[in-house]
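See structure below.
Protein chains: 2
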Amino acid sequence: MSDDEFLRHYDPQAFDRPSITVDLVLLAIRGGRPSALLLRRDAPPQAERWALPGGFVGIDEDLEAAAVRVARDKAGIEGAQLEQLYTFGAVNRDPRMRIVTVAYLGLMAESAFEAALGAALQLLPAALEIDPGGEGFAARSPEGEALPLAFDHAEILGTALMRLRGKLDWSNVGFSLLPERFTLRQLQEVHEAILGTPLNKPAFRRRMLDKGWIAPTGTREAGASFRPAELYRFQPNT
Amino acid sequence: MSDDEFLRHYDPQAFDRPSITVDLVLLAIRGGRPSALLLRRDAPPQAERWALPGGFVGIDEDLEAAAVRVARDKAGIEGAQLEQLYTFGAVNRDPRMRIVTVAYLGLMAESAFEAALGAALQLLPAALEIDPGGEGFAARSPEGEALPLAFDHAEILGTALMRLRGKLDWSNVGFSLLPERFTLRQLQEVHEAILGTPLNKPAFRRRMLDKGWIAPTGTREAGASFRPAELYRFQPNT
DNA sequence: CTAGATATATCCATATTGATTATAAGAGGC
DNA sequence: GCCTCTTATAATCAATATGGATATATCTAG
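Next up, the structure:
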């Protein structure tokens, strides 16, 4: 069934007010690149395109509660830390009917990302390649194919990447993408993946330590064939 | 009619999906303080409390179009420059029914603010006194009385002030609050009003000029009984 | 022409940043 | 046990940005 055929059987005037959904941008740094969890649509409209996990907001459900529920039901993620991103409400963003969606951004460590992939087999990890020039990006499958995105989800993902870059050096978003204990090099790699540019190592160390956000744990990374680095943990500012 | 009495005649289950509204935070710097345009509610619920201008989003209306329409119809502001602020959707934020509201932020020069006050007589200019400590604020009438705010509109206004502070030194929000041509001292006063702290004058001048955002016009301010200052205009970065 | 007020420019001490170089600490080969 | 390799961590220096103070310029009012 094509999009056109589907729409012929759909009554867009069935309701007189917009529906409200939440859509989730669930991100981790995977192999040095920001990556999002996407679902392949198997029914029209936009069949075979890739979409963000989402769902309708219940009449007695807070927006954030709906987002947490979608994270659990569609991505197998329990107790996700979600932040409201932006609300998308263009009239024709969904061909079926008027839907306003509140996008949420969830950040997780690579291990949680892999766990979600294992728990919900329909999920695909899409690497988001940031254009060197600046604004745009491309979503690619693990095999390197460009992924066509459904509806306005490319715009939502782009907004998420911009938000991430903007908050990087004054908020704790960097730590949300790392395990509880991490080395300074891992932290720097996360920053570099988000910014898309290499950073100066000593200056980065100094800035991070001076901010007072991280505390050494006294333990060191294991399994390296060279000098192991100190493990730090995130410590909200006093 | 009290709120309780009103609610007894209201059926909160009349509809099965949330309604969507836009609420507008219309700000200017007035007499050295951030000030917002508010409307006094004359009917329950929350009668006699002060509310942000707002309205329902039409089924065939983009979110931003609805915000522009509300700015025109309820505040007499034509062609407002509005930026989406945040979406508030707590289940009980409105006692009548489930309403999700998308808040928009509009900045204007003091002259446009005064013009709006003259055009829509129901509007009240509320000065927003930022608590010295940090987060909170108080809304005061021109006579200095504390204004009780309706629904969650205090939270919305607080979010607007935080957004304004956050964007101040890397975006053009400062210029949106000034007339087309302005002196460096006016620009500094706007920044000080938003931050709530005095700023170093030579350092402020240097930073603003170095950013390349402003260009001298060659004309000078008039009517001063002392040396007139150069008038600058905003020039988006090349 | 002078006084008063404010704009604008200059100067210096200090903090921050980019970049390079030096030292420390572990693993593994011999 | 010692050497080498690799990376972590520290130290150093120059360049830049910032806070604060002072000096100079330019207007109005009288």
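If you read the sequences in order, they're chains A and B.
The first sequence begins at 21 in the numbering used here and counts up one residue at a time.
The second sequence begins at 21 in the numbering used here and counts up one residue at a time.
Think of the CB as a built atom: it goes at the ideal place given N, C-alpha and C, for glycine as much as any other residue.
Here the structure is a predicted model, which means the values were calculated and not measured.
Buried versus exposed, by CB contacts within 10 Å (16 or more), residue i
i, result
"G109(B)", "buried"
"F246(B)", "exposed"
"G194(A)", "buried"
"L219(A)", "exposed"
"K94(B)", "buried"
"P54(A)", "buried"
"P38(A)", "buried"
"R205(B)", "exposed"
"G74(A)", "buried"
"R50(B)", "buried"
"D9(A)", "As shown, chain A starts at 21 and ends at 258. That puts residue 9(A) outside it, with no answer to give."
"D43(B)", "buried"
"Q101(A)", "exposed"
"T237(A)", "exposed"
"W190(B)", "exposed"
"Q66(A)", "buried"
"E165(B)", "exposed"
"E81(A)", "buried"
"A213(A)", "buried"
"A86(A)", "buried"
"T217(B)", "exposed"
"A223(B)", "exposed"
"Q255(A)", "exposed"
Within 8 Å, strictly: CB atoms of residue i and residue j
i, j, result
"L197(B)", "R60(B)", "no"
"H211(B)", "L188(B)", "yes"
"E155(A)", "L125(A)", "no"
"I119(B)", "T179(B)", "no"
"G78(B)", "E209(B)", "no"
"L47(B)", "L127(B)", "yes"
"L137(B)", "T203(B)", "no"
"L229(B)", "R185(B)", "no"
"E241(B)", "A249(B)", "yes"
"L72(A)", "I176(A)", "yes"
"S161(B)", "A146(B)", "yes"
"P199(B)", "A244(B)", "no"
"N192(B)", "G232(B)", "no"
"A139(A)", "G96(A)", "yes"
Beta-ladder partner(s) of residue i, from DSSP
i, result
"R160(B)", "A147(B), A166(B)"
"E250(A)", "R240(A)"
"A86(A)", "Per DSSP, none; premise fails for A86(A)."
"T135(A)", "The question names Thr, but residue 135(A) in the sequence shown is Ala. Beta-bridge pairing links A135(A) to no other residue."
"D43(A)", "G74(A), A123(A)"
"P54(B)", "I49(B)"
"F202(B)", "Y252(B)"
"F108(A)", "T121(A)"
"R116(A)", "In DSSP, R116(A) forms no bridge with anything."
"E103(A)", "L125(A)"
"R7(B)", "Because chain B here runs from 21 to 258, residue 7(B) falls outside it and cannot be looked at."
"A235(A)", "R253(A)"
Beta-carbon separation (whole angstroms), residue i vs residue j, contact threshold 8 Å
i, j, result
"T107(B)", "T107(A)", "4 Å"
"D172(B)", "R113(B)", "5 Å"
"L169(B)", "R69(B)", "6 Å"
"A123(B)", "L105(B)", "4 Å"
"D92(B)", "E84(B)", "The question names Asp, but residue 92(B) in the sequence shown is Arg. In fact, because the Cβ distance is near 13 Å, the residues do not count as touching under 8 Å."
"R201(A)", "R253(A)", "5 Å"
beta-carbon residue i near the ligand ADP non-hydrogen atom, thresh 7 Å
i, result
"A67(A)", "The ligand ADP is not part of the structure shown, which contains no ligands of any sort."
* To do: Closer than 7 Å, Cβ to Cβ, to anything on chain B: give me those residues from the stretch 110-123 of chain A, in chain order.
  => A110, V111, R118, V120, V122
* Short-range partners of chain B found in the stretch 81-92 of chain A, where Cβ spacing is below 9 Å -> E81, D82, L83, E84, A85, A86
* Asked: If contact means a Cβ-Cβ distance below 9 Å, which residues of the stretch 34-62 of chain B contact chain A?
  -> Flagged, chain order: F35, D36, R37, P38, S39, I40.
* Asked: At a Cβ cut of 9 Å, what residues of the stretch 170-194 of chain A count as close to chain B, listed as they run along the chain?
  -> G186, W190
* Would you list, in chain order, the members of the stretch 94-107 of chain A that have their beta-carbon closer than 8 Å to a beta-carbon of chain B? => Q104, Y106, T107
* Can you give me, in chain order, the residues of the stretch 217-241 of chain B that have a beta carbon less than 9 Å from any beta carbon in chain A? => none
* To do: Please name the residues in the stretch 202-214 of chain B whose beta-carbon is closer than 7 Å to at least one beta-carbon of chain A, in chain order.
  => none
* Pull out every residue of the stretch 66-79 of chain A whose Cβ sits closer than 7 Å to any Cβ of chain B, in chain order. => V77, I79
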